[in-house]
Structures are given as structure tokens and as C-alpha cells.
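Asker: For the sequence shown, this note's numbering begins at 5 and goes up steadily by one. Quick reminder that beta carbons are idealized off the backbone N, C-alpha and C, glycines included. Given the structure is predicted, the values throughout are model-derived calculations rather than measurements.
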Amino acid sequence: LASFAPGLDPLPALVGALEEALGATPFGPETGPVAVDWGAGARGGMEHHPHWHVARGSMADPVVQAHEAAHAWFGGSVRLRCWEDLVLSEGTASWLAAYAVEETLGIGPAAALWEREAMRLRAMLAPDGADAVAWPAGCTSTDPVADGIFGPAVYVKGAFFWRDVARVVGAPVLLDALRTVVERDGGAAVGMQELLDAVMETSGFDPGPLAQAWLRGTGAPAGWDAADAP
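(1) What three-state label does DSSP hand V203 in the structure shown?
(2) Check the C-beta distance from V58 over to A39 and give it rounded, since I have them as a contact under 8 Å.
(3) How long is the line joining the alpha carbons of G133 and T146, rounded to whole angstroms?
(4) On the premise that L26 lies in contact with W77, defined as a C-beta separation below 8 Å, what is that separation, rounded to the nearest angstrom?
(5) Can you tell me which of the three DSSP states A233 falls into?
(6) Measure the alpha-carbon distance for A192 versus L199 and round it to whole angstroms.
(7) Buried or exposed: H71, going by 16 or more other Cβ atoms within 10 Å of its Cβ?
(8) How about D135 and G223: are their beta carbons less than 8 Å apart?
(9) How do the segment 98 to 108 and the segment 13 to 29 stand: do at least 3 beta-carbon pairs fall below 8 Å, yes or no?
(10) As a quick exercise: from L219, W118, G227 and T184, pick the residue whose alpha carbon is nearest that of V82.
(11) DSSP puts H2 in a beta bridge; with which residues?
(12) Give the C-beta separation of H75 and A97 to the nearest angstrom, bearing in mind that I take them to be a contact with Cβ-Cβ under 8 Å.
(13) May I have a chain-ordered list of the alpha helix (DSSP H) segments no shorter than 4 residues that lie completely inside the segment 83 to 160?
(14) For A114, collect the residues of the same chain with a Cβ closer than 8 Å to its Cβ; drop the 5 residues on either side in sequence, then sort them by chain order.
(15) From the DSSP output, which residues share a beta bridge with F78?
(16) Looking only at its chain, what residues have a beta carbon closer than 7 Å to the beta carbon of V186, apart from the 5 residues adjacent to it on each side?
(17) Mind checking whether A157 and V137 have CB atoms under 8 Å apart?
(18) What residue from A215, E205 and V169 has the CA that sits closest to L100's CA?
(19) Using the three-state DSSP reduction, which class does A193 fall into: helix, strand or coil?
(20) Suppose the cutoff is 6 Å on Cβ atoms and the five residues either side in sequence are ignored; what does the same chain contact list for R85 look like?
(21) Which residue comes first and which comes last in the alpha helix (DSSP H) that contains L26?
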């Protein structure tokens, strides 16, 4: 267990930051990770709440822990209406993880997290990369694996989309909008559009153009890389 300490020690604070922003964990007061052996080199986790699963190789990563914890609210309580809305779960959890890391561990670890995400996005946008549409049109008309929905785009582009929204309206206002969705739709299946509508209702800002630029097509908004260079 000592080797897992970098991921486990900050976990109460990470979950606390998410609870302060979004409300109490939806699956009861006892929550936390279970280390699993998915084979050599396995990384990441799976949001089985209240006890999410994490590959042993990622147990010491506080970002993975924060991401899986965030799924209690988005992906767990607020469920997907359609596979095309997978970014509602993965992209939102990725941004919430970054928020929790900055709130608890500080600006330095958060900046490192965003640079890691920027490296993933650069690789994805390269000529031989795995670029894809993060939020395809339709509902249950595509296969999440065969059609590429379940891939890095929903995580990375979703995180950058929400970061751009937060830069416009402010993180507290965005969190208020997300909390509204949790309180109104927790336990139900909803679509990504409901999250965008909640932002509009809460802030008066229409995130639709940002969603179009980040999520509805391939590529990324012009100039994003220059703004995020280390």
C-alpha cells in the first residue's frame, strides 16, 4: 500500500473538493478505489461506484483517482442517454478531475495535468493520430467501439471544451450549472445538450459555438496550442 500513497493520500481532499462543488457523493458516504490486476502495463480505471476499480499501475496517480471519483456524479448518477453522449461522462470527469487537482494539490500539479492533456491532443491531431468527433450527432445510431466514439477524443477534447467554458463564465458558475444537472437529473439518463442548456440557464452564456468547435468535428479550435504551450 505504501507505493499507492501518492494517489491515496490526497484522495479524501480530492473527493471533498468534488463534494463541495457538486453535492454529497451519490452512492453513499463510503467510497474509494479497489486495486485490480488487469495485466502488465495496464493503466486507468473503471467507474464502478461506490468502489471504483483502478489498475495497480495507476493506483499512485491522483489524476486517475480524481477522474474515477468524479464519475460518481457524471457517468454514475447522471447517466448517458446515448453512446453518442459519452463525452458527458468522460470529458466532464476529466475537467472535474483537473479542477479537483488544482483545488487540492495546487497550480503546479494542475498545470502538469493540462500539459499532459495537451500532449495527448497534439498526438491525436497528428497526421497518423486518432482524431475523432467527440460528440457525434444522433442517438444509438453508432457503435461506440467500431465507430471510434470510445477513444481519446471524448476525454481530451471534452476536458478542453469545459476548460474553455470555465474561462468564459468562471469555474464556480460552471460548477453551479453542473450541480443543477446533478440535483435535477441524478438517477436519470440525459444527453450532453442538457449540460449545455444548464450552462446557458445559469450564466446566460451560450456554449454551443465552443461545443461545435471542440466536440462536433475533427481538429481543434485555431490557436489553442499557442495558448497552452508550456
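Answerer: For this structure:
(1) Locating residue 203 in the sequence shown gives position 199, counting from the first residue. V203 falls in the helix class under three-state DSSP.
(2) Translated into positions along the sequence shown, residue 58 becomes position 54. Translated into positions along the sequence shown, residue 39 becomes position 35. The beta carbons of V58 and A39 sit about 6 Å from each other, so the pair counts as a contact at 8 Å.
(3) The residue labelled residue 133 in the question sits at position 129 within the sequence shown. The residue labelled residue 146 in the question sits at position 142 within the sequence shown. Between the alpha carbons of G133 and T146 lies a gap of roughly 21 Å.
(4) The residue given as residue 77 occupies position 73 in the sequence shown. The residue given as residue 26 occupies position 22 in the sequence shown. Their Cβ separation, rounded to whole angstroms, is 5 Å, which keeps W77 and L26 in contact under 8 Å.
(5) Stepping through the sequence shown from its first residue, residue 233 is reached at position 229. The pLDDT assigned to A233 is 49, lower than 50, so where the model puts this residue is not dependable; a value taken from the coordinates is nonetheless given after this. Assigned with DSSP and collapsed to three states, A233 falls in coil, not helix or strand.
(6) Walking along the sequence shown from the start, residue 192 turns up at place 188. Walking along the sequence shown from the start, residue 199 turns up at place 195. In this structure, the alpha-carbon of A192 lies about 13 Å from that of L199.
(7) Here residue 71 refers to the residue found at position 67 of the sequence shown. Taking every protein chain shown into account, the CB of H71 has 16 or more other CB atoms within 10 angstroms, so this residue is buried.
(8) Residue mapping note: residue 135 aligns to position 131 of the sequence shown, counting from 1. Residue mapping note: residue 223 aligns to position 219 of the sequence shown, counting from 1. Contact check for D135 against G223 passes: the beta carbons are separated by less than 8 Å.
(9) Enough Cβ pairs lie closer than 8 Å, so yes.
(10) Mapped onto the sequence shown, residue 82 falls at position 78. Minimum Cα distance to V82 is reached at T184.
(11) Past the boundaries of the shown model lies residue 2; the chain is included only from 5 to 234, so the question cannot be answered.
(12) On the sequence shown, residue 75 is found 71 positions in, with the first residue counted as 1. On the sequence shown, residue 97 is found 93 positions in, with the first residue counted as 1. At roughly 5 Å, the Cβ-Cβ gap stays under 8 Å, so H75 and A97 are in contact.
(13) Within the segment 83 to 160, the complete alpha helix (DSSP H) segments at least 4 residues long are 90 to 109 and 111 to 129, listed from N- to C-terminus.
(14) Residue numbering aside, residue 114 sits at position 110 when the sequence shown is read from its first letter. Here the set comprises A102, V105 and E106.
(15) Reading the sequence shown from its first residue, position 74 is the one you call residue 78. The secondary-structure analysis by DSSP pairs F78 across a beta bridge with V82.
(16) As a first step, residue 186 is located in the sequence shown; it is residue number 182 there, counting from the start. Around V186, the same chain offers L26, G27, W77, S81 and V82 as residues with beta carbons nearer than 7 Å, after the five sequence neighbours per side are excluded.
(17) For this step, residue 157 is matched to residue 153 along the sequence shown. For this step, residue 137 is matched to residue 133 along the sequence shown. At the C-beta level, A157 and V137 come within 8 Å of one another.
(18) Against the sequence shown, residue 100 aligns to sequence position 96. Comparing Cα-Cα distances from L100 to each of A215, E205 and V169, the minimum goes to V169.
(19) Position 189 of the sequence shown, counted from the first residue, corresponds to residue 193. Strand at A193.
(20) Here residue 85 refers to the residue found at position 81 of the sequence shown. Counting only Cβ-Cβ distances below 6 Å, and skipping sequence neighbours, we find A193, V194 and G195.
(21) As a first step, residue 26 is located in the sequence shown; it is residue number 22 there, counting from the start. Under the DSSP assignment, L26 falls in the alpha helix (DSSP H) whose first and last residues are L15 to L26.
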